[in-house]
Amino acid sequence: MRRLPTFLSLLLLLSACGTNERVDDVFHPMGGIPMRITAYDISNSRFREVFEEIKERVDVLEGALSLYIQDSDLTILNEKGVSDVSEDTLAVIEQAMRLCKNTEGAFDPTVASVIELWTYAEKAGKAPTDEELSQALERVGCNKIETSHARSRVRLTQPGMRLDLGGIAKGYVAAEAARIMQKRGITRGIVDAGGDVVVFSGKGDKLFRVGIKHPMSTENVFAILSVANGAVVTSGCYERFVEIDGKRVCHIIDPRSGKPAKGLLSVSVLARDAAAADAYATALFVLGPEDGFALAKSLPEVEAVFLLEADGGEKLRMKATPGLTGKLELAE
Ligand code: FAD
Ligand code: MG
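Shown next, in the form of structure tokens:
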């Protein structure tokens, strides 16, 4: 998997209105994702305590949910097929299963077996064959996961089946950081976990302006969402991809075909819960400009901005759900 050297957050926080004192700091968990914590109306020493608490909590979550850590819950579950897991891991897997159902499988954490084929394909320099894909697809489907609360146990019912929570866990981590801030009495703050942005403000009239990056020139902001409370998460293929035979292949896989998703440049989702926003952004990207847009419009908890190519790639077209009227503007 490649990451462009300028791995900036998919969304830039432009500015927040108001004159309150602001404190912020950044750390780099989950393989170097910049996670910036910003709080208002708080002393520096109090902020340090909250920041350290967030870092510790994120470390625990990463230790449970990462595929890059050998003894994480997820790595062990994938190796053994059945495993007792932490409450967090169970919560993320169950939320992923619910979102899989809500998106008719467009978001599906069991797509891991197919993702592995594409990761291997990058090393081998050639795309997986249809036969390899259809074999891997036999291990895909969220109805193939069983969970038990009595023992906080997860079972993958097909031999060789695997889970990848990369499309939801970053949102879960961001939501947890915001929850800690609020629990510690911070009434206004921002969490930006490499493009998964959570904002909250007790004073609901003070809006944050969250920028949606231009997918073709990622230093620039294309549009701005004004939000008081909620999560804004973007999925796109412009910063993370594999390269096969000189061609960029998207890291988001369509679980119906096993092939990389195409049709959109990016989807940004606004929702109350950051984990849900993260998973929906991935799902809407898979579903594309027509079916994805129809799904977004049908979900009361989701608003979305779709960016796609127009005029043979000359122009950018934006489609936004009606609930964003008055909240979305084009950047200058
Ligand atoms: P999103 O669009 O939110 O999600 C895409 C990701 O979801 C894909 O990369 C894939 O993992 C998965 N996916 C693809 N298609 C689907 C689908 N249809 N349904 C469901 N899921 C799908 N990266 C590193 O390089 N090194 C690390 O050490 C590292 N550690 C991490 C630890 C944790 C806890 C997490 C959450 C992520 C970590 N990552 C690490 C990043 C990870 O590998 C993913 O690339 C990242 O989470 C993708 O986020 P995104 O916002 O770019 O993409
Ligand atoms: Mg996602």
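Just remember that my numbering sits 25 ahead of the position in the sequence shown, which is counted from 1.
Cβ coordinates follow ideal geometry from the N, Cα and C atoms, glycine included.
Is the beta carbon of residue i within less than 7 Å of some heavy atom of the ligand FAD?
i: K195; result: yes
i: V311; result: yes
i: F52; result: no
i: G283; result: no
i: V222; result: no
i: P134; result: yes
i: S91; result: yes
i: T307; result: yes
i: G360; result: With the chain covering only 26 through 357, there is no way to say anything about residue 360.
i: A131; result: yes
i: E141; result: no
i: D303; result: yes
i: M55; result: yes
i: I118; result: no
i: S260; result: yes
i: R9; result: What is shown of the chain runs 26 to 357, which leaves residue 9 out entirely.
i: P240; result: no
i: R164; result: no
i: I237; result: no
i: R82; result: no
i: P280; result: yes
i: I269; result: no
i: R273; result: no
i: E87; result: yes
i: R265; result: yes
i: I277; result: yes
Can you pull the DSSP bridge partners for residue i?
i: F331; result: V292, K344
i: R61; result: V51, D217
i: T114; result: BP columns for T114 are empty, so no partner.
i: F225; result: G214
i: L353; result: L250
i: E268; result: R273
i: D109; result: R178
i: G261; result: S291
i: K238; result: V246
By alpha-carbon positions, which one of the options ends up nearest to residue i?
i: E77; options: F233, I205, D217, P280; result: I205
i: G270; options: E147, D303, K169; result: Position check: residue 270 holds Asp in this sequence, whereas Gly was assumed. Cα-wise, what sits closest to D270 is E147.
i: D335; options: L324, T144, G56, G288; result: The amino acid at residue 335 is misidentified as Asp; the sequence shows Ala. Looking at the Cα atoms, G288 is the closest of the given residues.
i: H276; options: Y145, D50, L332, F266; result: F266
i: T128; options: S97, F318, E315, A308; result: A308
i: G106; options: R187, P153, S177; result: R187
i: P285; options: A299, A300, G313, S293; result: G313
i: C279; options: V48, G88, D217, T135; result: The question names Cys, but residue 279 in the sequence shown is Asp. Comparing Cα positions, the closest option is T135.
i: T243; options: S226, G261, D133; result: G261
i: K228; options: D66, P59, F52; result: D66
i: G57; options: F233, D230, K195; result: K195
i: V139; options: L341, R281, F331, L353; result: R281
i: S108; options: V75, V222, R180; result: R180
i: C167; options: A300, V198, Q120, E141; result: Q120
i: T259; options: E268, A218, L232, S251; result: A218
i: P347; options: A89, F331, S111; result: F331
i: A321; options: E156, E339, A356, A131; result: A131
i: V358; options: A329, Q95, L250; result: Because the chain in this structure spans residues 26 to 357, residue 358 falls outside the shown range and cannot be described.
i: E354; options: L99, A300, V252, A248; result: A248
i: L232; options: N245, G214, V246, V165; result: G214
i: D113; options: F52, I193, G220; result: I193
i: E328; options: G337, A152, G317; result: G317
i: E104; options: L324, G210, A137, V85; result: A137
i: L162; options: K151, G185, G150; result: G185
i: R3; options: M241, D84, I101; result: For residue 3 there is no data in the structure shown, the boundaries of the chain being 26 and 357.
i: F52; options: R71, L158, A199; result: A199
i: R82; options: T144, R71, T100, M60; result: M60
i: D303; options: D98, G191, S226; result: G191
With 8 Å as the threshold, decide whether the Cβ of residue i is near any Cβ in chain B.
i: L250; result: Protein chain content of the structure displayed is limited to a single chain, and chain B is not contained in it.
Can you find a heavy atom of the ligand SAH that lies under 7 Å from the Cβ of residue i?
i: P59; result: Absent from the structure shown: the ligand SAH. Ligands present: the ligand FAD and the ligand MG.
Contiguous beta strand (DSSP E) assignments of at least 3 residues, all confined to the segment 139 to 199: Qualifying beta strand (DSSP E) stretches, in chain order: 170 to 173, 178 to 181.
Runs of beta strand (DSSP E) wholly within the segment 270 to 323 (minimum 3 residues, chain order): Scanning the segment 270 to 323 from its first residue to its last, the whole beta strand (DSSP E) runs of 3-plus residues come out as 272 to 275, 291 to 296.
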